[in-house]
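Q:
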Amino acid sequence: MASEHQLQALKAAKVLMVGAGGIGCELLKTLALSGFRDIHIIDMDTIEVSNLNRQFLFRQCHVGQSKAKVARDAVLRFRPHINITPYHANVKDPEFNVDFFKQFHVVLNGLDNLDARRHVNRLCLAADVPLVESGTTGFLGQVSVHVKSKTECYECQPKPTPKTYPVCTITSTPSKFVHCIVWAKDLLFAKLFGDKNQDNDLNVRSNDSATSSKHPQDVFERRTDEDPEQYGRRIYDHVFGHNIEMALANEETWRNRIRPNPIFIRDVLPGKLANQNGNLDKNSVIENSTVSAMFSLGLKNSQDVWSLLENTRIFLEALKLFLEKREKDVGSLTFDKDDQLAVEFVTAAANIRAACFGIPIHSLFEAKGIAGNIVHAVATTNAIIAGLIVIEAIKVLRSDACNYRMTYCVEHPLKKMLLMPVEPFEPNKSCYVCSETPLSLEVNTYHSKLRDFVEKIVKNKLGMYSPLIMHGSTLIYEVGDDLEEDIAINYALNLDKVLAELPAPVTSGTVLTVEDLQQELSCHINIKHRG
292 MASEHQLQAL KAAKVLMVGA GGIGCELLKT LALSGFRDIH IIDMDTIEVS
342 NLNRQFLFRQ CHVGQSKAKV ARDAVLRFRP HINITPYHAN VKDPEFNVDF
392 FKQFHVVLNG LDNLDARRHV NRLCLAADVP LVESGTTGFL GQVSVHVKSK
442 TECYECQPKP TPKTYPVCTI TSTPSKFVHC IVWAKDLLFA KLFGDKNQDN
492 DLNVRSNDSA TSSKHPQDVF ERRTDEDPEQ YGRRIYDHVF GHNIEMALAN
542 EETWRNRIRP NPIFIRDVLP GKLANQNGNL DKNSVIENST VSAMFSLGLK
592 NSQDVWSLLE NTRIFLEALK LFLEKREKDV GSLTFDKDDQ LAVEFVTAAA
642 NIRAACFGIP IHSLFEAKGI AGNIVHAVAT TNAIIAGLIV IEAIKVLRSD
692 ACNYRMTYCV EHPLKKMLLM PVEPFEPNKS CYVCSETPLS LEVNTYHSKL
742 RDFVEKIVKN KLGMYSPLIM HGSTLIYEVG DDLEEDIAIN YALNLDKVLA
792 ELPAPVTSGT VLTVEDLQQE LSCHINIKHR G
């Protein structure tokens, strides 16, 4: 039992929660029941049907509403006298700056992506506010405490990067269902519905004599005389038929592999049946969140494995719905695991490709997990981790540094324990985030442009979203809405110059200072020329 003094400390504490999903729902409930009185929640997401099996503060009637706001209302029904402030927003928005973080006694993370975790870690360091970090993967979970100068920060240890696959395997010789998913998601979906200017490894040439000429047209371009059904059938024949035939022409590729089988739509779906595809009124108005090829075709169970015929019908219907019901989105879409229509299209496309290559097909439920790199969440794990977060938060508020613990929740007992506590590590002296250790970068300064440095190093590797780059006292790049127009133009021009030709040339031995003003993070990069 907590003492009266400890209870008063909890009541007086101002806590920031980031994330109101699987961990967040359990965490908010546990904080409220543990005596915390002033809780702030940031979450940019809205509630999806798929959340309802584990995020118990939400109900069917809440689908489409803000997670942060609904979670607040749910908890206030059984703890009406506490203060909960929700923010339906992105934690990376400018309003959540260092000054905002300084008002809290502790920050509790329940996030599901690396970028946001890194961002919160840096703001907590800059604001000198303790952070309790967490995560779950199925039956596994962990909680860690990060206190400036006392323990390692979240970025002191490198994090594993998502698994990638060789392009040639994805485009030409898939052998696993995940290869088909990556092809359907990152190539076909992106080509049909994403930015047309992005490079794409899909073959865009048709071997159809009707489209062959001295000036071949991108086969994915919809013709002016095509309705969505005709366009879908032509794309189907191209990617599952013609492209497979072209691949088979290279005998060497298949010398030690099982040869794929081209699939044309005439072999699967007779013309009359294709014309009857779907039952939605063309003039009906549907919200994006409810547009569904499965609904249109009367398929209900996401755990059923569809036949080749059903996958073909879903493929055509999903493509048609994107073109007719979500026309404004086409051209700017990226795959989102919470976009039902996108998941249906990717599942159907991946299954048809899998059928071509003799790979077992999967249900939508399974395909969604693979496409979203999802290990399906376990509500019990979330509850355990939420409880551990609160325990560590109480230690932080008591300044009980000797008893801080990183705790791992394991699937199988180790030494008869499912919870493995270990003492936190000290700060890593080589960490560029929480120490001032300079970084080194080998680069060809006569070939690499400033744009490459900004996009690939500063933003992607260092995670700085509002960077400022200085060479000595010379400012060579900056972003911000408050820049004067002529200055912004000059910086834009610098992006396309090679490093050695900048107004302040970057050569071997140059030390660049890179800052993110929102994160209040600064690091030095020693440039070494690589020939």
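Residue numbers for the sequence shown follow our numbering, so the first one is 292 and each next one is one higher.
A virtual CB, placed ideally from N, CA and C, is assigned to each residue, including glycine.
With three or more beta-carbon pairs closer than 8 Å as the criterion, would you say the stretch 410-421 touches the stretch 392-399?
A: yes
Q: Please name the residue, chosen from F531, K360, I652, L612, that lies closest to A633 on a Cα-to-Cα basis.
A: Sequence index remark: in the sequence shown, residue 633 carries index 342 (1-based). Minimum Cα distance to A633 is reached at L612.
Q: Can you tell me which of the three DSSP states G523 falls into?
A: Taking the sequence shown and counting its residues from 1, one reaches residue 523 at position 232. Residue state, collapsed to three classes: helix.
Q: Mind checking K706: buried by the 16 CB within 10 Å criterion, or exposed?
A: Within the sequence shown, the letter at position 415 stands for residue 706. With fewer than 16 Cβ atoms within 10 Å of its Cβ, K706 is classed as exposed.
Q: Spell out a yes or no on whether the stretch 791-808 and the stretch 702-718 are touching, meaning 3 or more CB-CB pairs, one atom from each, closer than 8 Å.
A: no
Q: Three-state secondary structure (DSSP) at E376?
A: Here the question's residue 376 lines up with position 85 in the sequence shown. It should be noted that the sequence gives Thr, not Glu, for residue 376. Strand.
Q: Do you know offhand how far R548's Cα is from H533's?
A: Here residue 548 corresponds to residue number 257 of the sequence shown, with the count starting at 1. Here residue 533 corresponds to residue number 242 of the sequence shown, with the count starting at 1. Those two C-alpha atoms are separated by around 19 Å.
Q: Given V770, which residues of its chain have a CB within under 6 Å of its CB, disregarding the five upstream and five downstream residues?
A: Here residue 770 refers to the residue found at position 479 when the sequence shown is read from its first residue. Cβ neighbours of V770 beyond the five flanking positions: S757.
Q: Leaving aside the five residues before and after T698 along the sequence, list all residues of the same chain whose C-beta is less than 6 Å from its C-beta, in chain order.
A: Residue 698 sits at position 407 when you count from the first residue of the sequence shown. Closer than 6 Å at the Cβ level, and outside the excluded window around T698, lie V434, L679, L710, P712.
Q: Which stretch, first to last residue, makes up the alpha helix (DSSP H) that contains D364?
A: What you label residue 364 is simply residue 73 of the sequence shown in a count that begins at 1. Per DSSP, D364 belongs to the alpha helix (DSSP H) from 358-367.
Q: Does DSSP put H815 in a helix, a strand or coil?
A: Position 524 of the sequence shown holds residue 815. DSSP places H815 in strand when its eight states are reduced to three.
Q: Could you tell me whether the Cβ atoms of V596 and I643 are closer together than 9 Å?
A: Within the sequence shown, numbered from 1, the residue matching residue 596 stands at position 305. Within the sequence shown, numbered from 1, the residue matching residue 643 stands at position 352. Not a contact, by the Cβ cut-off of 9 Å.
Q: When burial is assigned at 16 or more other CB atoms within 10 Å of the CB, is L298 buried or exposed?
A: Indexing the sequence shown from 1 puts residue 298 at position 7. Classification for L298: exposed.
Q: What residues are listed by DSSP as bridge partners for S731?
A: Here the question's residue 731 lines up with position 440 in the sequence shown. According to DSSP, which records beta bridges pairwise, S731 is partnered with N817.
Q: According to DSSP, is V309 part of a helix, a strand, or is it coil?
A: The residue labelled residue 309 in the question sits at position 18 within the sequence shown. In this structure, V309 counts as strand in the three-state DSSP scheme.
Q: Just to confirm my understanding: we take V669, look at its own chain, exclude 5 residues before and 5 after, and list those with CB closer than 8 Å. What are they?
A: What you label residue 669 is simply residue 378 of the sequence shown in a count that begins at 1. Result list for V669: R345, T427, G429, F430, in chain order.
Q: Is DSSP giving Q433 helix, strand or coil here?
A: Residue numbering aside, residue 433 sits at position 142 when the sequence shown is read from its first letter. Of the three classes helix, strand and coil, the one that applies to Q433 here is strand, per DSSP.
Q: Where does the unbroken alpha helix (DSSP H) through Y782 begin, and where does it stop?
A: One-based indexing of the sequence shown puts residue 782 at position 491. That run of the alpha helix (DSSP H) goes 776-786.
Q: Which of the three DSSP states, helix, strand or coil, is assigned to E424?
A: Counting from one through the sequence shown, the residue named residue 424 turns up at place 133. Three-state result, E424: strand.
Q: Report back the beta-carbon spacing between S593 and F656 to the nearest angstrom; my notes put them in contact at under 8 Å.
A: Taking the sequence shown and counting its residues from 1, the one referred to as residue 593 is at position 302. Taking the sequence shown and counting its residues from 1, the one referred to as residue 656 is at position 365. Contact flag correct, Cβ pair sits at about 5 Å.
Q: Are the Cβ atoms of I767 and L741 separated by less than 9 Å?
A: To locate residue 767, count along the sequence shown from 1; it is residue 476. To locate residue 741, count along the sequence shown from 1; it is residue 450. Yes. Within cutoff.
Q: Within 10 angstroms of the Cβ of Q631, are there 16 or more other Cβ atoms? Answer buried if so, exposed if not.
A: Taking the sequence shown and counting its residues from 1, the one referred to as residue 631 is at position 340. Buried: at least 16 other Cβ atoms inside 10 Å.
Q: Closest Cβ-Cβ distance between V669 and chain C: below 9 Å?
A: The structure shown has no chain C; it contains just one protein chain.
Q: Is it true that the CB of P465 sits closer than 9 Å to the CB of F347?
A: By 1-based counting over the sequence shown, the position of residue 347 is 56. By 1-based counting over the sequence shown, the position of residue 465 is 174. Contact: no.
Q: Does DSSP put C700 in a helix, in a strand, or in coil?
A: Position 409 of the sequence shown, counted from the first residue, corresponds to residue 700. The answer is strand: DSSP assigns C700 an E or B state.
Q: Pick helix, strand or coil for K441, following the three-state DSSP scheme.
A: Position 150 of the sequence shown holds residue 441. Residue state for K441 is assigned as coil, using DSSP reduced to three classes.
Q: Spatial neighbours of K788 within its chain, please: CB distance less than 7 Å, with the 5 preceding and 5 following residues excluded, ordered by chain position.
A: Taking the sequence shown and counting its residues from 1, the one referred to as residue 788 is at position 497. Closer than 7 Å at the Cβ level, and outside the excluded window around K788, lie K740, L741.
Q: What are the boundary residues of the alpha helix (DSSP H) that includes H470?
A: Residue numbering aside, residue 470 sits at position 179 when the sequence shown is read from its first letter. Taken as a continuous stretch (DSSP letters only), the alpha helix (DSSP H) holding H470 covers 468-473.
Q: Which residue wins for smallest C-alpha separation from Y737, given the options T728, V797, E683, S690?
A: Start at 1 with the first residue of the sequence shown, and residue 737 comes out as number 446. Here the closest residue by C-alpha is V797.
Q: By Cβ distance, which residues of its chain are closer than 6 Å to L479, with the 5 residues on each side in sequence left out?
A: The sequence position of residue 479 within the sequence shown is 188, counting from 1. Same-chain partners within the cutoff: A640.
Q: At which residues does the alpha helix (DSSP H) containing T671 begin and terminate?
A: Translated into the one-based positions of the sequence shown, residue 671 becomes position 380. Here the alpha helix (DSSP H) through T671 covers 670-688.
Q: Quick one, are the C-beta atoms of I332 and V354 less than 9 Å apart?
A: Here residue 332 is taken as the residue at index 41 of the sequence shown, counted from 1. Here residue 354 is taken as the residue at index 63 of the sequence shown, counted from 1. In this structure, V354 does not lie closer than 9 Å to I332 by Cβ.
Q: Taking the alpha-carbon of L422 as reference, which of L607, E727, V681, I556 has the nearest alpha-carbon?
A: For the purposes of this step, residue 422 is identified with residue 131 of the sequence shown, where counting begins at 1. Here the closest residue by C-alpha is V681.
Q: Give the C-beta separation of I338 and V361 to the nearest angstrom, bearing in mind that I take them to be a contact with Cβ-Cβ under 8 Å.
A: As a working mapping, residue 338 is identified with position 47 in the sequence shown. As a working mapping, residue 361 is identified with position 70 in the sequence shown. For I338 against V361, the beta-carbon gap comes to about 6 Å, under 8 Å, which counts as contact.
Q: Going by the CB atoms, is the gap between Y695 and T442 shorter than 9 Å?
A: Against the sequence shown, residue 442 aligns to sequence position 151. Against the sequence shown, residue 695 aligns to sequence position 404. A contact, by the Cβ cut-off of 9 Å.
Q: What does a CB cutoff of less than 6 Å around R363 pick up in its chain, not counting 5 residues either side in sequence?
A: Here residue 363 is taken as the residue at index 72 of the sequence shown, counted from 1. So the list reads I375, P377, once near-sequence residues are dropped.
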